[in-house]
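So the protein sequences, as listed, match chains A and B. Here the first sequence is numbered in the working numbering, starting from 58 and rising by one per residue. Here the second sequence is numbered in the working numbering, starting from 2 and rising by one per residue. Where is the CB? At the ideal position from N, CA and C, for every residue including glycine. Heads up, the thing below is written out as structure tokens.
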Amino acid sequence: MKITDELIDYIADLSRLHMSDEEKKKAEDDLTDVLNYVEKLNELDTAGMPEMSHPFENVNCFREDVVTNSDKCDELLANAPDRKDRYFKVFKVVE
Amino acid sequence: MNIRELTALELGSRIKAGEIKVREAVEAYLDAIDKKDAKINAYITVIREQALERADQVQKEIDAGGYKDSLLAGVPVAIKDNMNTKGVRTSAASRILDNFVPPYDATVVETLEAAGAVIIGKVNMDEFAMGGSTETSYYGATGNPWDNTKVPGGSSGGSAAAVAAGMAPYALGSDTGGSIRQPAAFTGLTGIKPTYGSVSRYGLLAYASSLDQIGPVAHDVADAAAILSLIAGKDSKDSTSVIGDAETKTPYDSEEWLREGKFDLMSCLADPANVDLSLKGLTIGIPSNYFSEGLDQETNDAVLAAARLLKDHGASVKRFNMPIIDYAVPAYYIIACAEASSNLSRYDGIKYGHRTTEADNITDTYYKSRSEGFGEEVRRRIMLGSFVLSSGYFDAYYKKALQVRALIKKAFDEAFESYDMILSPVSPTTAYDIGGQISDPIAMYMADIYTVSINLAGVPSISLPCGFDSKGMPIGMQLIGDSFSEGKLVKAASAFQALTDYHKQRPAIFADGGEAAYKDMTEIAGASRASVDAGSASAAATGASAPAGTEKGGAR
């Protein structure tokens, strides 16, 4: 699998990352190398194997929905890069 | 008597007996940090005043008869900087969280404090735990206490270096693909990657959620067992946390979770006076194919010598093959990066963390905050993860990796039908030079060959020292067990430590004044962040300023 210019732009976009042309070139080479390496998995026959996404399957974990925390607005907003009153301040989202 | 020469358990019992005041213990470690950390760079944040204040509080409680059941009351501890500490900056060693002060504690932090532990600081790591050398930290590389021109391993390299250098009696680390065990091996310490789900991940900054586990980094098995016994347990804030059943190897069902039930690993420690009794009847499997090309000869020999020692004392040691190991690293990198790309999507510059000053619209804010905030290795893994999850490639990469993960689990299940545990190396080499490997991602990934399969299978493993190489660097081995068999691992590992003294060796820097023979980290080529990742902002080891609510120690 060779990562092309178009594909690297697409992946960067999915990842919400900007890259300089130089960084793109390096990322293309790195990702191509890594993908060629992980394609080793194709040597294995996995037909019929389940997809193991988690060490313990099929565990549903229910609990009562009880409010245990109090109003921490100021505490939470203390980390905000920009705020106004009780809100996070960002650029206009809807034109 | 030097306080810092005591193990965490010894220190805890002296404090309880009134022979040592909590403040004395905390001061001893804070002073060691002041004197030594310029040579190691283990700490990102030291909370001197808070720790001393807390020491006096804990002392008061102890004097009033509090913390009766706690073995670690009053004992200082260092926390890896990816676990949230309320009011104390938690950065994950990333620029994107350089100014983040959590409004809540991780469950493990709460649990430790409820047992009277005194947190003295937050320790260095690979950025977002992505790496095996602690070189990808925004705050510069950490040096190995045995030779600070070498890496301490990673990603919990700060945890390991702080303990090995005598700047903390024990530390918490996290292990996604070897991040507790490999730094423990590189620094002559004992570390446990518990069964997945044994320790709550609430408040752990997620890297790969189906693989991450928090665990102890300590001087010996007894300390590690005490720490894990304390932090293990079901937490309603982490729905993947469980109380496991060693008999059925599965989590109890939800009704039964309500029952009493906790790891009591202290009762599993071997009797030093009768080690052979602990090892009698134990069957240990050694995967022959692990001992092949790519494994350092000295590591090979040390691990096999350990096997012979265990055999001489009553364990049954047999060889078998586990060829699936060759596929563990590629499967791991696909799965871990896929989960990381999803987990790290939350860092967008809006609610907390770094926000760019260069943007003029909301989309640009996301792109630029993330591009400025993440280092090269983190960006690489996010991109790989986004790719393998993307439409058109999902089946070929991600789905395939999940199926291989099932094959790996099956191989472990089969092995544990014949053996109580598996003995293996932790890393193909001992600690290597800072700057020596980081430019080649595949070489760096391949070094995780012996550790990642354990996380994929979700099983526990204990890493402990078993020798030194000709350069004087520690060699580690690991005992891998079936799900929830930590008790057996602790028994075998403590028996091994009763027969050996590798875990009692200390690097020169550990002793008072021992740091004099070491270079400053700023003089070590490749150790500053700027030289690792020229693309990132220039604030290296010395550049970052402490945000409100935190303070930095004199050493940094």
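Original post:
Which residues bound the beta strand (DSSP E) around K81/B?
Top reply: Stepping through the second sequence from its first residue, residue 81/B is reached at position 80. 77–81 is the span of the beta strand (DSSP E), which, as asked, contains K81/B.
Original post:
If you count every other CB in all the chains shown that lies within 10 Å of the CB of K1/B, and 16 or more means buried, which is it?
Top reply: Look at the range of chain B in this structure, 2 to 557, and you will see that residue 1/B is not part of it.
Original post:
Under a CB-based cut-off of 8 Å, is T89/A close to chain B?
Top reply: For the purposes of this step, residue 89/A is identified with residue 32 of the first sequence, where counting begins at 1. So no, T89/A is outside the interface.
Original post:
Which residues in the same chain have their Cβ closer than 7 Å to the Cβ of K238/B, if we skip the five residues on either side of it in sequence?
Top reply: Walking along the second sequence from the start, residue 238/B turns up at place 237. So the list reads T108, S201, Y203, once near-sequence residues are dropped.
Original post:
Considering only residues of the region 27–91 of chain B, which uninterrupted alpha helix (DSSP H) runs meet the minimum length of 4 residues and lie entirely inside it, listed in chain order?
Top reply: 49–64
Original post:
Is I435/B helix, strand or coil by DSSP?
Top reply: Translated into positions along the second sequence, residue 435/B becomes position 434. Correct three-state label for I435/B: coil.
**OP:** With DSSP as the reference, please indicate the residues paired to Q479/B in a beta bridge.
**Re:** Position 478 of the second sequence, counted from the first residue, corresponds to residue 479/B. S425/B, S464/B.
Original post:
Which value, in whole angstroms, describes the spacing of the CA atoms of A337/B and G158/B?
Top reply: In the second sequence, counting from the first residue as 1, residue 337/B sits at position 336. In the second sequence, counting from the first residue as 1, residue 158/B sits at position 157. Taking the straight line joining both Cα atoms gives about 19 Å.
Original post:
DSSP on N145/B, reduced to helix/strand/coil?
Top reply: Counted from its first residue, the second sequence places residue 145/B at position 144. It is a strand residue.
Original post:
At a CB-CB cut-off below 8 Å, which residues of chain A make contact with M323/B?
Top reply: Within the second sequence, numbered from 1, the residue matching residue 323/B stands at position 322. Within chain A, no residue comes near M323/B; the closest Cβ sits about 14 Å away, beyond 8 Å.
Original post:
How many angstroms separate the CA atom of F417/B from the CA atom of G482/B?
Top reply: Position 416 of the second sequence holds residue 417/B. Position 481 of the second sequence holds residue 482/B. If you take the alpha carbons of F417/B and G482/B, they lie about 8 Å apart.
**OP:** Check whether the Cβ atoms of I435/B and V152/B sit closer than 8 Å, and answer yes or no.
**Re:** Within the second sequence, numbered from 1, the residue matching residue 435/B stands at position 434. Within the second sequence, numbered from 1, the residue matching residue 152/B stands at position 151. Contact flag set, yes.
**OP:** Can you give me the start and stop residues for the beta strand (DSSP E) that V124/B sits inside?
**Re:** As a working mapping, residue 124/B is identified with position 123 in the second sequence. Here the beta strand (DSSP E) through V124/B covers 119–124.
Original post:
For W147/B, which residues from the same chain have a beta carbon less than 6 Å from its beta carbon, with the 5 sequence-adjacent residues on both sides left out?
Top reply: The residue given as residue 147/B occupies position 146 in the second sequence. Counting only Cβ-Cβ distances below 6 Å, and skipping sequence neighbours, we find M474, P508.
**OP:** Using a cut-off of 9 Å between C-beta atoms, extract the partners of F101/B located in chain A.
**Re:** Counting from one through the second sequence, the residue named residue 101/B turns up at place 100. Near F101/B (Cβ distances below 9 Å), the residues of chain A are N136.
Original post:
Interface residues of chain A around N362/B at Cβ under 7 Å?
Top reply: If you number the second sequence from 1, residue 362/B lands on position 361. The answer, in chain order, is F148.
**OP:** Determine, using beta carbons only, whether G482/B comes closer than 8 Å to chain A.
**Re:** Sequence index remark: in the second sequence, residue 482/B carries index 481 (1-based). No - not a single Cβ of chain A is within 8 Å of the one on G482/B.
Subject >> For T150/B, three-class secondary structure by DSSP >> reply: If you number the second sequence from 1, residue 150/B lands on position 149. T150/B falls in the coil class under three-state DSSP.
Subject >> Contacts around V427/B, its chain only, beta-carbon distance under 8 Å, and the 5 residues preceding and following it disregarded >> reply: One-based indexing of the second sequence puts residue 427/B at position 426. The residues are G179, R182, Q183, A185, A186, Y451, T452, S464, G477, M478, Q479.
Original post:
Using 8 Å as the threshold, is the region 75–87 of chain B in touch with the region 115–122 of chain B, meaning 3 or more CB pairs across them?
Top reply: yes
Original post:
What runs of the alpha helix (DSSP H), each 4 residues or longer, lie entirely inside the region 374–418 of chain B?
Top reply: 377–390
**OP:** Identify the continuous beta strand (DSSP E) that holds K319/B and give its terminal residues.
**Re:** Residue 319/B sits at position 318 when you count from the first residue of the second sequence. Run containing K319/B: 317–321, per the beta strand (DSSP E) assignment.
Subject >> Proximity of L345/B and R406/B at Cβ, strictly below 8 Å >> reply: As a position in the second sequence, residue 345/B is number 344, starting the count at 1. As a position in the second sequence, residue 406/B is number 405, starting the count at 1. Not closer than 8 Å, so no.
**OP:** If I'm right that V95/A touches Y398/B with Cβ under 8 Å, what's the distance once you round it to whole angstroms?
**Re:** Translated into positions along the first sequence, residue 95/A becomes position 38. Translated into positions along the second sequence, residue 398/B becomes position 397. Sure, about 7 Å apart at Cβ, within 8 Å.
Subject >> Contact between the region 216–234 of chain B and the region 2–18 of chain B (3+ Cβ pairs under 8 Å) >> reply: yes
Subject >> For G286/B, the first and last residue of its enclosing alpha helix (DSSP H) >> reply: Translated into positions along the second sequence, residue 286/B becomes position 285. Here G286/B belongs to no alpha helix (DSSP H); instead the beta strand (DSSP E) covers 284–288.
**OP:** Tell me, please, whether the CB atom of Y328/B is closer than 8 Å to any CB atom in chain A?
**Re:** Here residue 328/B corresponds to residue number 327 of the second sequence, with the count starting at 1. Yes, because at least one Cβ of chain A sits closer than 8 Å to the Cβ of Y328/B.
Original post:
Terminal residues of the continuous alpha helix (DSSP H) containing S342/B?
Top reply: Against the second sequence, residue 342/B aligns to sequence position 341. That run of the alpha helix (DSSP H) goes 329–344.
Original post:
CA-CA distance, N1/B and S160/B?
Top reply: A query on residue 1/B cannot be resolved here, the shown segment of chain B reaching from 2 to 557 and no further.
Original post:
Looking at the structure shown, is D441/B part of a helix, part of a strand, or coil, going by DSSP?
Top reply: If you number the second sequence from 1, residue 441/B lands on position 440. Coil.
Subject >> Beta bridge counterpart(s) of I193/B as assigned by DSSP >> reply: For the purposes of this step, residue 193/B is taken as the residue at position 192 of the second sequence. Per DSSP, I463/B.
Original post:
Which residues in the same chain have their Cβ closer than 8 Å to the Cβ of N362/B, if we skip the five residues on either side of it in sequence?
Top reply: Looking up residue 362/B in the second sequence gives position 361. The answer is none, since no qualifying residue turns up.
Original post:
Is Y67/A helix, strand or coil when you go by DSSP?
Top reply: Locating residue 67/A in the first sequence gives position 10, where the first residue counts as 1. Helix, per DSSP.
Subject >> Residues within the region 414–442 of chain B neighbouring chain A, beta-carbon criterion of under 7 Å >> reply: P442
Subject >> 7 Å CB neighbourhood of Y197/B in its chain, flanking five on each side removed >> reply: Taking the first residue of the second sequence as position 1, residue 197/B is located at position 196. The answer, listed in chain order, is Q214, G459.
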